[in-house]
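Peer 1: FYI, in our numbering the residues of the sequence shown are 171 to 410.
Backbone N, C-alpha and C fix where the C-beta goes; we use that ideal spot for every residue, glycine too.
One structure, pasted below without further comment.
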Amino acid sequence: CDTTPQFNSPELQSGAIAAGTSEIRLNQLRYGTTYYWRVRIRLNSDTSSWSTVWHFTTAGTIALTSPANGTTLYRYLHPTLDWDFINDGDYYEYQYDLSPDFDSPELVSGLVAVGTSEVDLTAPMRFGTTYYWRVREFTSIDTTPWSATWSFTTPGEIALVSPANGSTLSRTLNPTLDWDYINGGDTYEYQYDLSPDFNSPELVTGQRAVGTSEIDITTPLRFGTTYYWRVRETTSIDTT
């Protein structure tokens with residue numbers, strides 16, 4: 171087996187196997203390379219002619235799978251990067267960054283042993299931000315080119331759920347504020363106030379750990395009064 175049909179390159183692999191099996195598993199091949207191969211049989215006193223020369227081309231690049239290119243994530247800040255595997259390599263290297271050139275100070279690189287073809291991102295990430303990612307595979311003798319560069323955008327703001335905007339409460343003076351969650355943050359901060367600018371003396375501000383997305387208002391509220399409310403989420407590096 172060789173990279174030239176003349177079987178004269180430095181990468182020629184040649185060997186013998188005992189009769190009784192008619193196959194051999196090759197190793198240490200290069201990515202995206204055409205190989206030529208042939209077989210002959212030896213007897214004690216004779217050797218057959220070489221077979222017809224056949225050829226095959228090894229897999230050359232990693233194909234990304236998910237998140238789909240250009241997608242905006244919903245409800246989760248830390249996606250799982252998934253790609254199509256190539257068996258028999260040693261490691262996958264992945265990168266994700268704020269820059270499509272992978273040269274920003276927030277570049278993250280990591281290795282995953284072949285045998286899995288995904289990685290859960292756990293490092294702090296920014297809200298409402300586009301990230302670019304790519305993957306390559308390597309062995310002791312070769313490395314694939316980087317895959318195509320894909321992107322995803324993290325969720326950017328909290329969506330409020332209830333009480334419905336502009337509603338008038340019935341039979342309760344202490345509603346439950348409920349919002350749509352984003353997995354992966356650290357805390358939610360909520361505010362409600364008599365002013366839409368959230369600057370009156372009756373402003374109330376509080377926090378909830380991520381894991382719940384509601385708060386029961388227990389402080390005294392005024393009768394027949396309009397209140398304004400809002401929510402944001404924080405991580406160690408960013409705030410929605």
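Residue 406: which of 281, 290, 294 and 255 sits nearest, CA to CA?
Peer 2: On the sequence shown, position 236 is the one that residue 406 refers to. Closest by alpha carbon: 294.
Peer 1: Answer yes or no: do residue 321 and residue 301 have a C-beta to C-beta separation smaller than 8 Å?
Peer 2: The residue labelled residue 321 in the question sits at position 151 within the sequence shown. The residue labelled residue 301 in the question sits at position 131 within the sequence shown. Going by C-beta atoms, residue 321 is nearer than 8 Å to residue 301.
Peer 1: What residue from 183, 182, 410 and 179 has the CA that sits closest to residue 325's CA?
Peer 2: Taking the first residue of the sequence shown as 1, we reach residue 325 at position 155. The residue with the shortest Cα to Cα distance from residue 325 is 410.
Peer 1: Residue 225 lies in the beta strand (DSSP E); which residues open and close that run?
Peer 2: Residue mapping note: residue 225 aligns to position 55 of the sequence shown, counting from 1. Per DSSP, residue 225 belongs to the beta strand (DSSP E) from 224 to 227.
Peer 1: By the three-class DSSP mapping on this structure, what secondary structure does residue 343 have?
Peer 2: By one-based count along the sequence shown, residue 343 stands at place 173. DSSP places residue 343 in coil when its eight states are reduced to three.
Peer 1: Keeping to the same chain, check which residues put their C-beta closer than 7 Å to that of residue 220; ignore five residues upstream and five downstream.
Peer 2: Along the sequence shown, one-based indexing puts residue 220 at 50. Taken in chain order, the residues that qualify are 208 and 210.
Peer 1: Have a look at residue 343 and residue 276 and give me their C-alpha separation to the nearest angstrom.
Peer 2: By 1-based counting over the sequence shown, the position of residue 343 is 173. By 1-based counting over the sequence shown, the position of residue 276 is 106. The alpha-carbon atoms of residue 343 and residue 276 are separated by roughly 47 Å.
Peer 1: For residue 237, is the classification buried or exposed, using 16 other Cβ atoms within 10 angstroms of its Cβ as the cut-off for buried?
Peer 2: Taking the sequence shown and counting its residues from 1, one reaches residue 237 at position 67. Buried, by the Cβ-count rule.
Peer 1: Which parts of the region 256 to 298 are runs of the beta strand (DSSP E), unbroken and 3 residues or longer, counting only runs that do not cross its ends?
Peer 2: Correct list: 261 to 267, 278 to 283 and 288 to 290.
Peer 1: So the candidates are 385, 243, 378 and 360; which of them puts its Cα closest to the Cα of residue 400?
Peer 2: Residue mapping note: residue 400 aligns to position 230 of the sequence shown, counting from 1. Of the listed residues, the one whose Cα sits closest to residue 400 is 360.
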